[in-house]
Amino acid sequence: MKLSAGIGILGCGTVGSSVADRLQRERAAIESRSGVRYELRAIAVRDEAKVRATSLGRELFTTDAGSVIDDPQIDVVIECIGGTADATELVERALDRGRHVVTANKDLLATQGPRLAAIAASRGVTLRYEAAVGGAIPIVRSLDDALAGDEVRAIAGVFNGTCTSVLSAMEDGANYADALLRAQRLGYAEADPSNDVEGHDAAHKLALLVQLAFNLAVLSPRIRRSGITAITRRDIARARMLGLRIRLIAAAVRTPDGVQADVAPLLVPGDHSFAKTRGAENVARVIARDAGALELRGAGAGGPATASAVLGDVVTTLRAIGERHDLSHRGRDRALQPALEVAPLFDALPRHPDLAHLAIWEDDAGTIDLSKHRVHAARGHRVDKRSQGACPQV
Ligand SMILES: NC(=O)c1ccc[n+]([C@@H]2O[C@H](COP(=O)([O-])OP(=O)(O)OC[C@H]3O[C@@H](n4cnc5c(N)ncnc54)[C@H](OP(=O)(O)O)[C@@H]3O)[C@@H](O)[C@H]2O)c1
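Counting in the working numbering, the final residue of the sequence shown is number 1080, and the numbers go up one at a time with none missing.
This is how it looks when you write it as structure tokens:
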């Protein structure tokens, strides 16, 4: 049994610094849970001179991410850079060198996940990404492991904390610009928030969930998406008068030929669990053939919450290293099937005549019935019957 492993981290921002701190501070617990000793050997950053709120020794830092990957004593590379500009080449190179990779990067996986998984499989290493969807919520493992013996039929949820934070601040009376500024001050929104508020981030997460839940090679550009930039204070106020809230919903339903999927701001009945999300909270609802309706909710962002998911993946990877598992046969590395069809999902949802540009989310039965494709109007709301069509209940 291999009893020690080298770890390298790429990126030391919100997530990377939290991961690095915990790897150092909670060594005894992590080593005891994994059964493997480890050494944090290096942390790559862009700017070595930057002042960092971490107690990590300066000797660990380097601006040469390639040297971290190429260090033969590093077995596990934790990628916390984000985006696809540098991370694509670095993750590919790490896998190619036979390093196990743990990442929180949905942009990367939603656009190149199947290709990277194939490289990992060919090198006999793992690519883990629990933190990429839902932050601390263990939705990736739930779909990939716990529900692997069932048949997932639909998945839906609120996965973007920036949008929820902006929308909930607007419910408290702020206008869009002030709500966005507030979300940026709270650390929920980035300096350039377009990835979040235009729905790209939620589409990336939905693509990953579709890959996991339905075993389909769907990349995020194939999913129709719209964001929250056009939502006005008037929309929010009107919705509240009707007992509804607006949330950015991502949802997908398995169809015989592929998947129906959408990301869009929808009206949600005020007592629905999606409507109750605030700030960075995420909620994921899964409908499986035998397990029925399951729901997971919790912190979808933030350094410590995201680090919790990253470190869970690190412990699993260390355990596998320790046990000398034949990692090339792990389920995560399976080949995904092509999806013939990726069709929109929300067109058939009902609409309220007073807010007809937004569809109404509805799942009151808690089960889907693909054979009937029934649509229900939100209880107690006047619904424009003309706009109702065929849509499976999620
Ligand atoms: N923040 C969250 O709450 C959250 C939640 C879930 C998932 N995630 C995901 O986690 C990942 C990291 O997010 P974050 O919020 O921690 O980002 P961040 O705060 O912007 O940190 C990015 C880090 O990457 C470093 N970096 C950038 N380019 C580099 C390069 N070429 N070589 C080496 N280092 C480089 C930066 O260095 P400098 O510090 O020197 O600039 C910085 O330390 C992203 O994929 C994000 O989507 C984040």
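Beta carbons are placed, not taken as given, at the ideal position from N, Cα and C, and that holds for glycine. Fair warning: this is a prediction, and the values are worked out from it, not measured in the lab.
>> Quick check on DSSP: helix, strand or coil for ASN968?
In response: Of the three classes helix, strand and coil, the one that applies to ASN968 here is strand, per DSSP.
> Hey, is the stretch 791 to 800 in contact with the stretch 883 to 900, meaning 3+ C-beta pairs nearer than 8 Å?
Replying inline: The stretch 791 to 800 makes contact with the stretch 883 to 900, as at least three CB pairs between them are under 8 Å.
> Going by C-alpha distance, which of ALA974, THR748, SER959 is nearest GLU1048?
Replying inline: Ranking ALA974, THR748, SER959 by Cα distance to GLU1048 puts SER959 first.
> Applying the criterion that 16 or more other CB atoms from any shown protein chain within 10 Å of the CB defines a buried residue, is THR789 buried or exposed?
Replying inline: By the neighbour-count rule (16 or more Cβ atoms within 10 Å), THR789 is buried.
>> Please state whether the Cβ-Cβ distance between ALA995 and LEU982 is less than 7 Å.
In response: No, they are not a contact pair.
> Is any heavy atom of ligand 1 found at a distance shorter than 6 Å from the C-beta of ASN791?
Replying inline: Residue side-chain check: ASN791 places its Cβ nearer than 6 Å to a non-hydrogen atom of ligand 1.
>> Just verifying my parser: in three-state terms, what is the DSSP assignment at VAL701?
In response: In the three-state reduction of the DSSP assignment, VAL701 falls in the helix class, which pools H, G and I.
>> Per DSSP, what are the beta-bridge partners of GLY692 in this structure?
In response: Answer by DSSP bridge pairing, in chain order: GLU725.
>> Are there any heavy atoms of ligand 1 lying less than 6 Å away from the beta-carbon of ILE767, as far as the coordinates show?
In response: Set against 6 Å, the gap from the CB of ILE767 to the closest heavy atom of ligand 1 is smaller.
> Which ranges does the alpha helix (DSSP H) cover as unbroken runs of at least 4 residues, wholly within the stretch 880 to 923, from first to last along the chain?
Replying inline: Here the runs fully enclosed are 880 to 883, 886 to 900.
>> Tell me the DSSP secondary structure of ASP1086 in three-state form.
In response: Residue coverage of the chain in this structure runs from 687 to 1080, which leaves residue 1086 outside it and unanswerable.
> Helix, strand or coil for ARG975 per DSSP?
Replying inline: In the structure shown, ARG975 sits in coil (DSSP, three-state: anything other than H, G, I, E or B).
> When you compare only the Cα positions, how much space is there between LEU1022 and VAL904?
Replying inline: Between LEU1022 and VAL904, the C-alpha separation is close to 9 Å.
>> Between which residues of its own chain and ALA773 is the CB-CB distance below 7 Å, once the five residues before and five after are set aside?
In response: Correct list, in chain order: GLU765, ILE767, ASN791, LEU794.
> Can ARG814 be considered in contact with ligand 1, in the sense that its beta carbon sits closer than 6 Å to one or more heavy atoms?
Replying inline: Relative to ligand 1, the beta carbon of ARG814 is positioned no closer than 6 Å to any heavy atom.
> How would you write the range of the beta strand (DSSP E) that ASP948 sits in, first residue to last?
Replying inline: Per DSSP, ASP948 belongs to the beta strand (DSSP E) from 944 to 955.
> Straight-line CA distance for SER1014 to ALA803?
Replying inline: Confidence is the limiting factor: at SER1014 the pLDDT is only 47, short of 50, which leaves the residue's position unreliable, though a coordinate-based value still follows. Cα to Cα, SER1014 sits roughly 10 Å from ALA803.
>> Just to confirm my understanding: we take GLU725, look at its own chain, exclude 5 residues before and 5 after, and list those with CB closer than 6 Å. What are they?
In response: The residues are GLY692.
> Going by the CB atoms, is the gap between ILE805 and LEU953 shorter than 7 Å?
Replying inline: With respect to ILE805, LEU953 sits apart: the two C-beta atoms are not nearer than 7 Å.
>> Less than 7 Å between the C-beta atoms of ALA842 and ALA937, yes or no?
In response: Yes.
> Would GLN759 be called buried (16 or more neighbouring beta carbons within 10 Å of its own) or exposed?
Replying inline: Flag for GLN759 reads exposed.
>> Buried or exposed, going by whether 16 or more other CB atoms sit within 10 Å of the CB of ASN861?
In response: Answer is exposed; the Cβ neighbour count stays below 16.
> What residue ranges within the stretch 738 to 810 form continuous beta strand (DSSP E) runs of no fewer than 3 residues, ordered along the chain?
Replying inline: DSSP runs (the beta strand (DSSP E)) wholly in the stretch 738 to 810: 762 to 765, 786 to 789.
>> Does the contact criterion of 3 or more C-beta pairs under 8 Å hold for the stretch 831 to 841 versus the stretch 1036 to 1043?
In response: Touching, no, given that fewer than three Cβ pairs across the two stretches are closer than 8 Å.
> Using the beta-carbon count (16 or more within 10 Å), is GLU670 buried or exposed?
Replying inline: In the structure as shown, the chain starts at 687 and stops at 1080, and residue 670 therefore has no counterpart that could be examined.
>> If I measure Cβ to Cβ from ASP782 and keep anything under 7 Å in the same chain, skipping five residues before and after, which residues do I get?
In response: Cβ neighbours of ASP782 beyond the five flanking positions: ILE805, ARG809.
> What are the residues that DSSP puts in a beta bridge with LEU980?
Replying inline: Residue pairing by DSSP puts LEU980 in a beta bridge opposite VAL972.
> Near SER1057, which residues of its chain fall below 7 Å by C-beta distance, leaving aside the five closest residues on each side in sequence?
Replying inline: For SER1057, the predicted model reports a pLDDT of 37, less than 50, meaning its position is unreliable and no value from the coordinates is stated.
> For ALA889 versus ARG868, is the C-beta distance shorter than 7 Å?
Replying inline: In this structure, the beta-carbon distance from ALA889 to ARG868 does not fall below 7 Å.
> Would you call ALA771 buried or exposed, if buried means 16 or more other Cβ atoms sit within 10 Å of its Cβ?
Replying inline: By the 10 Å Cβ count, ALA771 comes out exposed.
> Which residues share a DSSP beta bridge with LEU850?
Replying inline: Note that residue 850 corresponds to Thr in the displayed sequence, not to Leu. Looking at the DSSP assignment, THR850 forms no beta bridge with any residue, so it has no partner.
> Expressed to the nearest angstrom, what Euclidean distance is found between the alpha-carbon atoms of ARG871 and MET927?
Replying inline: The alpha-carbon atoms of ARG871 and MET927 are separated by roughly 29 Å.
>> Alpha carbons only, please: which of LEU829, SER741, LEU1035, VAL705 is nearest the one belonging to LEU980?
In response: Nearest Cα to LEU980 within the set LEU829, SER741, LEU1035, VAL705: LEU829.
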